[in-house]
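Notes for the one structure printed next.
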Amino acid sequence: MRGGSAVKVWVEALTPKQVVLFSYLQAELPGEVFLTTRDYDLNVELARRLWRKFYVVGRHGGRSLAGKLGQSIGRLRRLAQIALSEAPDVHLTFVSPDSSRVAFGLRIPVVAATDSPHSDAVNRLTLPLSKLVVAPSFIARELSAYAGLTTITAFEGVFELARVFRGEGPRERYVEELGLEPLNYAVVRLGEEKSYYYPSRRAAFETPLRLAAHLLRSTSLNLLVYPRYPDQARAARRALAPWAGRVKFLEKPTDFLSLEFYAVFVITGGGTMATEAALLGTPAVSTYPGRLSVFEYLRAKGLPLYQPPLSRGQLSLLVRQGRRPRSWEQVLARLRETFQDPIGVLADAVRAATGG
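Quick note, this note's numbering runs 618 ahead of the 1-based positions in the sequence shown.
This is how it looks when you write it as structure tokens:
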């Protein structure tokens with residue numbers, strides 16, 4: 619450990635959500651915090667914007683098992699080189715199998731964050747190697763099988779609250795820079811259809827676009843489409859070509875909190891943007907085809923998060939609700955009364971893992 623309580627922290631983030639989430643630890647922890655990530659989605663662009671020091675190691679392995687395995691093998695070698703050179707005191711990861719294996723092999727304590735009990739294979743490859751696991755309280759019971767192998771720290775809330783509590787708050791200028799008008803557009807985020815745990819291309823791609831086309835036909839809303847992969851972007855452009863004048867595609871990083879707060883409606887094939895939007899009071903629909911504990915948890919808190927099937931009447935009602943202006947101050951006050959700050963919890967776990 620360096621300089622008393624100051625430690626050197628190695629962070630691995632594989633998705634844009636994780637790159638943003640962990641970036642706040644640079645101001646929270648007294649020592650050096652550096653990032654490893656992969657060339658996927660907007661990871662690299664976000665790392666350049668938010669991180670003082672980072673390494674790009676490998677890329678997404680694509681749809682095939684052979685591609686995923688090949689990328690993993692290459693990443694393991696490079697991550698080991700970086701870890702040996704940097705000599706961190708502790709490793710923090712959002713359950714990355716590659717970095718967890720390297721850190722464990724080099725006897726670097728691992729702190730794992732997870733909010734996906736349905737991602738069984740990843741959890742089996744990472745949680746038993748971790749000294750501490752940080753997870754939302756509503757999934758702690760689903761991780762009980764690992765209780766004898768690691769220490770699980772539960773908190774009240776979701777990791778997406780980091781951006782809400784630590785960011786500057788929504789700004790209309792981020793919306794206007796994209797040629798959009800506040801409360802006159804919807805956001806469409808396509809699903810992770812190439813992820814091993816995602817069960818259906820229809821739910822990831824076809825269903826979000828079907829809902830998007832319904833909005834274009836039945837309302838005057840514009841659309842902002844945020845694909846995950848280049849082939850998704852090409853296919854989405856073809857599918858939405860009849861409304862090309864009302865559809866924009868997000869191709870570079872921006873302030874997502876602002877986009878979600880000023881949107882009338884959010885449609886996503888995954889969970890992160892639906893969770894963030896619902897926290898902000900923006901009606902959100904996730905087409906993920908299955909039960910997710912986070913959705914049940916947020917709905918129980920009265921937040922506007924939904925899953926299909928939804929009738930046309932229900933969709934029209936949600937659009938009317940989403941057009942109503944929201945007070946950021948009231949939203950933030952309600953969230954602070956209800957939930958914990960995940961960054962403080964993660965920082966405490968890092969300190970605990972190093973004896974700080």
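Think of the CB as a built atom: it goes at the ideal place given N, C-alpha and C, for glycine as much as any other residue.
Going by C-alpha distance, which of the options is nearest residue i?
i, options, result
"Leu-761", "Phe-777, Arg-742, Ala-971 and Thr-905", "Arg-742"
"Ile-961", "Leu-668, Glu-914 and Arg-784", "Arg-784"
"Ser-690", "Thr-655, Ser-703 and His-709", "Thr-655"
"Pro-800", "Leu-702, Tyr-880 and Val-843", "Tyr-880"
"Gly-809", "Gly-887, Phe-756, Pro-754 and Leu-747", "Gly-887"
"Asp-733", "Arg-819, Phe-756, Leu-694 and Arg-835", "Phe-756"
"Thr-890", "Pro-848, Arg-856 and Val-782", "Val-782"
"Val-740", "Arg-954, Glu-914, Tyr-816 and Asp-966", "Tyr-816"
"His-678", "Asn-661, Thr-711 and Pro-648", "Asn-661"
"Arg-941", "Ala-684, Val-884 and Tyr-915", "Val-884"
"Arg-938", "Arg-791, Trp-946, Asp-966 and Leu-833", "Leu-833"
"Glu-795", "Ala-753, Ser-876 and Trp-946", "Ser-876"
"Ala-970", "Thr-771, Pro-926, Leu-767 and Asp-657", "Thr-771"
"Leu-750", "Asp-659, Gly-649 and His-709", "His-709"
"Ser-586", "Trp-669, Ser-929, Ser-934 and Leu-842", "This structure does not reach residue 586, given that the chain is present from 619 up to 974, and the question cannot be answered."
"Asp-849", "Gln-636, Ala-831, Pro-648 and Asp-659", "Asp-659"
"Phe-823", "Arg-807, Arg-835 and Thr-837", "Arg-807"
How many angstroms separate the CA atom of residue i from the CA atom of residue j?
i, j, result
"Val-882", "Arg-864", "15 Å"
"Arg-719", "Ser-911", "27 Å"
"Gly-622", "Val-729", "Any answer about Gly-622 is weak, because its pLDDT of 44 lies below 50 and its placement is not dependable; what the coordinates show is given next. Each residue's Cα considered, the two are about 20 Å apart."
"Arg-789", "Ala-765", "42 Å"
"Glu-811", "Val-949", "32 Å"
"Thr-905", "Ala-705", "42 Å"
"Gln-958", "Leu-964", "11 Å"
"Gly-973", "Asp-707", "11 Å"
"Arg-681", "Ala-951", "42 Å"
"Leu-897", "Leu-936", "15 Å"
"Ala-631", "Leu-653", "7 Å"
"Ala-851", "Ala-624", "44 Å"
"Ser-945", "Arg-954", "14 Å"
"Pro-754", "Pro-860", "42 Å"
"Pro-735", "Ala-763", "11 Å"
"Thr-872", "Gly-899", "20 Å"
"Gln-925", "Ala-831", "17 Å"
"Ser-582", "Ala-854", "The first residue shown for the chain is 619 and the last is 974, placing residue 582 beyond what the model contains."
Can you tell me whether residue i is buried or exposed, with buried defined as 16 or more other CB within 10 angstroms of its CB?
i, result
"Asp-716", "buried"
"Ala-804", "buried"
"Arg-932", "Note that residue 932 is Gln in the sequence shown here, rather than Arg. Label assigned to Gln-932: exposed."
"Gly-775", "buried"
"Lys-671", "exposed"
"Lys-870", "exposed"
"Gln-699", "exposed"
"Arg-693", "buried"
"Pro-634", "buried"
"Gly-787", "exposed"
"Leu-687", "exposed"
"Gly-797", "exposed"
"Ala-862", "exposed"
"Ser-714", "buried"
Using beta-carbon positions only, say whether residue i and residue j come within less than 8 Å of one another.
i, j, result
"Glu-646", "Glu-778", "no"
"Pro-901", "Pro-922", "yes"
"Leu-745", "Phe-722", "no"
"Ala-821", "Pro-907", "yes"
"Leu-629", "Val-651", "The amino acid at residue 629 is misidentified as Leu; the sequence shows Val. Result yes, Cβ atoms of Val-629 and Val-651 sit closer than 8 Å."
"Val-968", "Val-627", "yes"
"Leu-868", "Tyr-844", "yes"
"Leu-827", "Val-903", "no"
"Leu-839", "Asn-802", "yes"
"Ala-684", "Phe-712", "no"
Requested in this report: Could I get the ranges of all uninterrupted alpha helix (DSSP H) runs contained in the stretch 624-671, with 4 residues as the minimum, in chain order?
Outcome: 634-641, 643-646 and 661-668
Query raised in the report: Can you list, in chain order, the stretches of the beta strand (DSSP E) that have 3 or more residues and sit fully within the stretch 817-888?
Result: 840-844, 865-867 and 883-886
Query raised in the report: What are the complete beta strand (DSSP E) segments, minimum 3 residues, inside the stretch 738-770?
Result: 750-754
Report task. Only counting runs of 4 or more residues, tell me where the alpha helix (DSSP H) segments fall wholly within the stretch 907-931, in order along the chain. Result -> 911-918
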